[in-house]
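Worksheet: the structure to be examined is printed underneath.
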Amino acid sequence: MLAVILLAGCGSVRSSELPVVVKRTQMQMGTLVSITVVAPSREIGRSSIEAGFREIKRLEQMLSTWIQTSELSQVNAAAGQRPVVVGPETLDLIVRSLEMAGLTEGGFNIAVGPAVEAWSVTDRQRVPSHAELQSLKSLVDWTTIQIDRQARTIFLPKPGMRIDVGGVGKGYAADRAVDVLKRAGARGGVVALSGDIKTFGDLPGMQGFPVGIRHPRQKDAMAATIDLKNEAISTAGDYERYFEQDGVRYHHILDPQSLQPARKCQSVTVIAAEGTVADGLDTGIFVLGPERGMALVERLPDVEAVIIDDQGEMTVSSGLRSRLRYP
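If you want this note's numbering, it's the 1-based position in the sequence shown plus 315.
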């Protein structure tokens with residue numbers, strides 16, 4: 316868990332006054348998903364949560380590359396052969412992903428999958444050879460992805476290319492689930508897909524929802540906490556999926572230029588109005604590093620960040636400095 320919702324003991328809570336707080340968890344998108352809502356009644360709370368989970372499941376069926384019938388799996392299967400027609404939601408997410416790739420100078424890259432598989436950080440735990448990585452260079456070039464908005468098609472021009480929205484999909488799902496919760500009558504709430512979190516409204520008696528940012532080197536410790544209201548938070552870190560060999564840490568966040576693990580940061584937390592943006596930018600900024608990454612954050616509207624560099628030094632964007640609380 317990279318960012319943590321700090322909601323003590325609210326599985327289904329009701330005080331003497333409305334509203335009520337209801338929380339449920341399920342396994343979806345390969346991770347533990349938690350939805351907490353503030354609602355005018357327990358019934359509305361439960362029904363809105365069920366609708367939120369259904370929305371996340373629908374998006375998983377559409378976007379997961381682990382599901383052979385998904386739209387993205389069909390795009391990948393046709394790499395080097397033909398364009399594939401996709402739905403408007405898939406097309407929009409790919410277009411936005413490519414925009415974030417541009418913003419981060421390719422640091423965020425939905426085409427980097429072949430290199431990630433070569434490293435296989437959580438399985439084989441081996442260091443690929445330089446020659447092996449170089450042979451993958453042409454397959455991870457996101458600039459070659461062809462989008463036809465009018466025909467609503469995506470084409471990967473080289474056999475072996477593939478795209479994966481795992482680096483942005485959970486934030487996107489959180490955004491969409493929040494939209495569903497609101498329509499279902501929830502007054503406030505939190506959708507958390509592992510460390511990708513989207514909030515709206517307030518907890519009763521509070522301003523927003525308290526969220527903790529994990530310390531990248533101290534287990535179970537928080538580097539800082541913050542109250543979020545109508546905001547999303549996402550963290551990219553080198554401390555969840557990694558292995559060590561000969562005293563060197565090899566993690567899953569690759570620099571698409573070198574196809575080696577990015578080394579300039581220990582963690583990057585992004586806070587934005589949209590989960591899609593926070594989820595995509597955290598990885599890209601991690602690759603860019605503290606100086607270029609923070610310069611990007613300061614240029615973007617409604618985006619803030621906490622960057623912990625490779626030496627453990629924390630840099631906080633200007634809009635967050637008065638909001639963070641430290642242990």
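Ideal Cβ positions, reconstructed from N, Cα and C, are used throughout, including at glycine. Owing to the predicted nature of the structure, the values given are computational and were not obtained by experimental measurement.
- For F470, same chain residues with a beta-carbon under 6 Å away, outside a window of 5 residues either side, are P398 and Q461 in chain order.
- Beta bridge pairing from DSSP links F470 with Q461.
- The Cβ atoms of M629 and A538 sit closer than 8 Å to each other.
- The segment 444-464 makes no contact with the segment 618-638, as fewer than three CB pairs between them are under 8 Å.
- One thing to note: G516 has its Cβ within 8 Å of the Cβ of R502.
- In its chain, beyond the 5 residues on either side, T514, G523, F524 and V526 have a beta carbon closer than 6 Å to the beta carbon of L543.
- Listed in chain order, the non-local C-beta contacts of P429 below 8 Å within the same chain comprise L451, L454, V455, G475, M476 and R477, local neighbours out to five positions each way being set aside.
- DSSP places Q581 in the strand class (E or B) of the three-state scheme.
- Under the three-state reduction of DSSP, I382 is assigned to coil, being neither helix nor strand.
- Taken through DSSP and simplified to helix, strand or coil, M629 comes out as strand.
- Here D625 really is in contact with Q581; their C-beta atoms are around 6 Å apart, less than 8 Å.
- Counting only residues of its own chain and dropping the five nearest sequence neighbours on each side, K579 has a CB closer than 7 Å to the CB of G604, P605, D624 and D625.
- Here DSSP, grouped into helix, strand and coil, assigns G510 to coil.
- Relative to the Cα of S435, the nearest Cα in the group V602, E619 and H567 belongs to H567.
- Between the alpha carbons of Q389 and V483 lies a gap of roughly 19 Å.
- Distance from the Cα of Q572 is smallest, within the candidate group A426, A392 and D494, for A426.
- Between M377 and G402, the gap from beta carbon to beta carbon is short of 8 Å.
- Judged by DSSP in its simplified three-state form, L543 adopts strand.
- Per the C-alpha coordinates, the member of V495, Q560 and G552 positioned closest to S509 is G552.
- Nearest in C-alpha terms to V410, of all of I586, D463, M521 and E386, is D463.
- Judged by their CB atoms, I600 and L615 are not nearer to each other than the 8 Å cut-off.
- Between S632 and A620, the beta carbon gap of about 5 Å places them in contact (Cβ cut-off 8 Å).
- Per DSSP, the continuous alpha helix (DSSP H) segment holding A593 begins and ends at G590 to L603.
- Residue environment analysis places Y565 among the buried positions, since at least 16 neighbouring C-beta atoms fall within 10 angstroms of its C-beta.
- If you check the CB distance, T419 and L569 do not come in under 8 Å.
- No residue range can be given for E420, since it is assigned to no beta strand (DSSP E) and is classified by DSSP as neither H nor E.
- In this chain, K452 is not harboured by any beta strand (DSSP E), its DSSP state being neither H nor E.
- If you ignore the 5 residues before and after I371, its C-beta comes within less than 7 Å of the C-beta of Q343, M344, V348, A488 and A492, all in its own chain and listed in chain order.
- H445 sits in a helix when the DSSP states are folded into three classes.
- Assignment of beta-bridge partners to K338 by DSSP yields T351.
- In the DSSP assignment, V621 falls outside any alpha helix (DSSP H) and lies within the beta strand (DSSP E) extending over V618 to D624.
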